[in-house]
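Using my numbering, you'd call the opening residue of the sequence shown number 1 and step up by one each time. All C-beta atoms, glycine included, are put in the ideal place defined by N, C-alpha and C.
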Amino acid sequence: NTNMGGGTAAKEHPVEYFCASTLAAVVNYPLWRASALGQSGFRVCLAGANPLISNAASSFPALVPYFYAFSPPYKGMMATVMGMSWARAAIFYGSDRGKEVLESMGVSNTMSTVLPPL
Numbered sequence: 001n002t003n004m005g006g007g008t009a010a011k012e013h014p015v016e017y018f019c020a021s022t023l024a025a026v027v028n029y030p031l032w033r034a035s036a037l038g039q040s041g042f043r044v045c046l047a048g049a050n051p052l053i054s055n056a057a058s059s060f061p062a063l064v065p066y067f068y069a070f071s072p073p074y075k076g077m078m079a080t081v082m083g084m085s086w087a088r089a090a091i092f093y094g095s096d097r098g099k100e101v102l103e104s105m106g107v108s109n110t111m112s113t114v115l116p117p118l
């Protein structure tokens with residue numbers, strides 16, 4: 001089963017959607033953690049950190065939250081990554097699958113592209 005772009009149907013690849021979403025979540029977790037810290041108003045200090053990291057942080061104080069985000073402890077990481085993975089997979093799989101269903105019903109390509117994410 002192929003779509004207009006020549007690829008396979010989304011319904012044939014739910015595992016691939018979830019794996020790609022999990023990889024994206026793992027890669028983006030430290031950035032999400034740094035953003036969450038910044039938005040919460042916490043001040044991060046790297047007392048007791050690896051001297052190499054402490055020296056780099058003292059040279060670039062604006063990067064301290066990012067150094068911290070890549071450092072242990074990783075408390076809550078699994079729950080956060082799994083939640084981000086599930087949400088991304090649902091959004092992208094659902095949008096692609098919704099487009100396929102709408103196109104099979106004869107809805108125009110433009111509307112089939114716009115409606116599923118809504």
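| Whole-angstrom Cβ separation of P65 and A89, contact assumed at under 8 Å? | Contact flag wrong, Cβ pair sits at about 28 Å.
| Helix, strand or coil: which one does DSSP assign to R33? | helix
| Excluding the five sequence neighbours on either side, which residues of its own chain have a C-beta within less than 6 Å of the C-beta of M78, listed in chain order? | none
| query | First and last residue of the alpha helix (DSSP H) that includes P73? | reply | That residue, P73, is in no alpha helix (DSSP H); it is neither H nor E in DSSP.
| request: Could you tell me the distance, in whole angstroms, from the CA atom of K99 to the CA atom of G41? | output: 41 Å
| request: For G89, name the three-state secondary structure that DSSP assigns. | output: The sequence as given places Ala at residue 89; Gly does not occur at that position. A89 falls in the helix class under three-state DSSP.
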